[in-house]
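Here is the structure we will look at.
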Amino acid sequence: MPDAPPIPQIGAVGIPEPGSHAAQRPDASVPPADWGPSFGGLRAADRPEPAVPRHSRGGSGRRDNRAERRLDECLSRWRSRLSLAEAQRVLERAARIDSRLLTPLSPLWPSGFDALEHGAPLALWVRGDPTRLTRLDRSIALVGARAATAYGEHVAGESAAGLADRGFAIVSGGAYGIDAAAHRAAVVSGGVTVAFLAGGVDRLYPAGNSELLRRIAATGVLASELPPGSAPTRWRFLMRNRLIAAAATATVVVEAGHRSGSLNTAGHAAQMARPLGAVPGSVLSPASAGTHRLIREYAATCVTTVEEMAELADPLGGGAPPPDGADPGGGVPDAASPEYRVVAHLSRSRAASADEVAARAGLPFSTVAAVLGRMDLSGRARESGEGWVLVGDQRREASR
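Using our numbering, the first residue of the sequence shown is number 1, and each one after it goes up by one.
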């Protein structure tokens, strides 16, 4: 496996359960580049030393002591599970399916994971061409109930096909129902689709979707933070949902009842202030009770067309990326321009401070402040007591 971390680190990656915050970094000041010493501590029974003195990090000593005790407990538990022999078996399983391991240092690492902060995965196992992950920069997650109705599956399929035709990658979880309908339509349309799994990328689960998952691996990407051989569990399904929400530019819940797991994905998207949409259904259908609740109580945008879904992730309405070397035309800013990136991280319904926009867009505060000032003068954005919101039809404004 080219560019893979050392075997001890590969073995350590699969030890903590997904979402175990104590495992994301043994200390907040330890960057991914220093994982070697940190995970080496698991093997040598040495506790990693903080790179920054405790007193310089601020906060109460009591809180630091609690965190350190929790870390010590985790390290003690994980040491007994670290096995170089198991790490070698993981590599062999990965080689059999041509899977690769990406770390946060990889240029192909999904940038959206940065929003998870210390809840980000330690690594990502991928099955399929990992360069397709770059398409996540312009992607939409379509999620919903496993026990979907014919209406829900139809909307998911039509939406995925239309979004794929517009150049969006489709992100979902590979499950029955809405997930499968979205993935299948994206594959048939020739688009890129990424399925985040709750088990290893060699465990094609659910079995009824195994052929679909193989097609996704051939034309898109299967991805998991768990090493090959790992079995899916209820907890892992729930933690997998945060990766779907973080990887995609926007999330749309197509159909969901009151207790649908897709509401968990929507919750993660809302926590990260990512654009969130929900498709309405019949007021008489319990299968849409969850989406109606998202619209009513959680300020999800009501979306009924492919165009409205695309607008969530691409407020300027640039459509599919232009051919290489072509001018986007129509007055639409280049996708790399500061204005494009600022607008992409603003919402009409949810205010965001300039600091929040700068963090999400990866731009200096001064640049964001200048862009927001120009947008305020032109009437395309306004500042309220809670932050900045978009104003008017950004597609129309961009095309002028």
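We put the CB at the ideal spot given by N, CA and C, even for glycine.
Cβ-based neighbour list, residue i, same chain, cut-off 8 angstroms, excluding 5 preceding and 5 following
{"i": "residue 280", "result": "288, 291, 292, 295, 302, 304"}
{"i": "residue 187", "result": "193, 212, 215, 216, 219, 220"}
{"i": "residue 286", "result": "257, 258"}
{"i": "residue 98", "result": "127"}
6 angstroms Cβ shell around residue i - same chain, five flanking residues per side excluded
{"i": "residue 34", "result": "Confidence in residue 34 is poor, its pLDDT being 39 and thus under 50, which makes the residue's placement unreliable; the coordinate value appears in the next sentence. Result list for residue 34: empty, nothing under 6 angstroms."}
{"i": "residue 109", "result": "102"}
{"i": "residue 260", "result": "145, 290"}
{"i": "residue 246", "result": "112, 113, 115, 116"}
{"i": "residue 161", "result": "185, 189"}
{"i": "residue 365", "result": "358"}
{"i": "residue 275", "result": "250, 312"}
{"i": "residue 182", "result": "142, 156, 160, 170, 172"}
Residue nearest to residue i in terms of C-alpha spacing, selected from the options
{"i": "residue 137", "options": "338, 313, 355", "result": "313"}
{"i": "residue 171", "options": "148, 133, 145", "result": "133"}
{"i": "residue 113", "options": "362, 208, 376, 374", "result": "362"}
{"i": "residue 197", "options": "352, 307, 255, 228", "result": "228"}
{"i": "residue 263", "options": "284, 159, 239", "result": "239"}
{"i": "residue 120", "options": "276, 268, 282", "result": "268"}
{"i": "residue 223", "options": "276, 206, 129", "result": "129"}
{"i": "residue 143", "options": "283, 252, 315", "result": "252"}
C-alpha gap between residue i and residue j, whole angstroms
{"i": "residue 386", "j": "residue 248", "result": "25 angstroms"}
{"i": "residue 176", "j": "residue 355", "result": "39 angstroms"}
{"i": "residue 300", "j": "residue 266", "result": "9 angstroms"}
{"i": "residue 379", "j": "residue 311", "result": "19 angstroms"}
{"i": "residue 88", "j": "residue 372", "result": "52 angstroms"}
{"i": "residue 390", "j": "residue 344", "result": "10 angstroms"}
{"i": "residue 350", "j": "residue 388", "result": "8 angstroms"}
{"i": "residue 256", "j": "residue 147", "result": "9 angstroms"}
{"i": "residue 232", "j": "residue 180", "result": "17 angstroms"}
{"i": "residue 375", "j": "residue 254", "result": "32 angstroms"}
{"i": "residue 244", "j": "residue 173", "result": "7 angstroms"}
{"i": "residue 339", "j": "residue 347", "result": "14 angstroms"}
{"i": "residue 205", "j": "residue 234", "result": "13 angstroms"}
{"i": "residue 149", "j": "residue 140", "result": "21 angstroms"}
{"i": "residue 127", "j": "residue 195", "result": "10 angstroms"}
Presumed contact (8 angstroms Cβ cut-off) between residue i and residue j, rounded CB distance
{"i": "residue 158", "j": "residue 178", "result": "Contact doesn't hold; Cβ gap of about 12 angstroms is too wide."}
Spatial neighbours of residue i in its chain, beta-carbon cut-off 7 angstroms, leaving aside the 5 residues before and after
{"i": "residue 93", "result": "202, 228, 229"}
{"i": "residue 135", "result": "169, 192"}
*Just checking, does the region 161-169 make contact with the region 204-213 on the three C-beta pairs under 8 angstroms criterion?*
no
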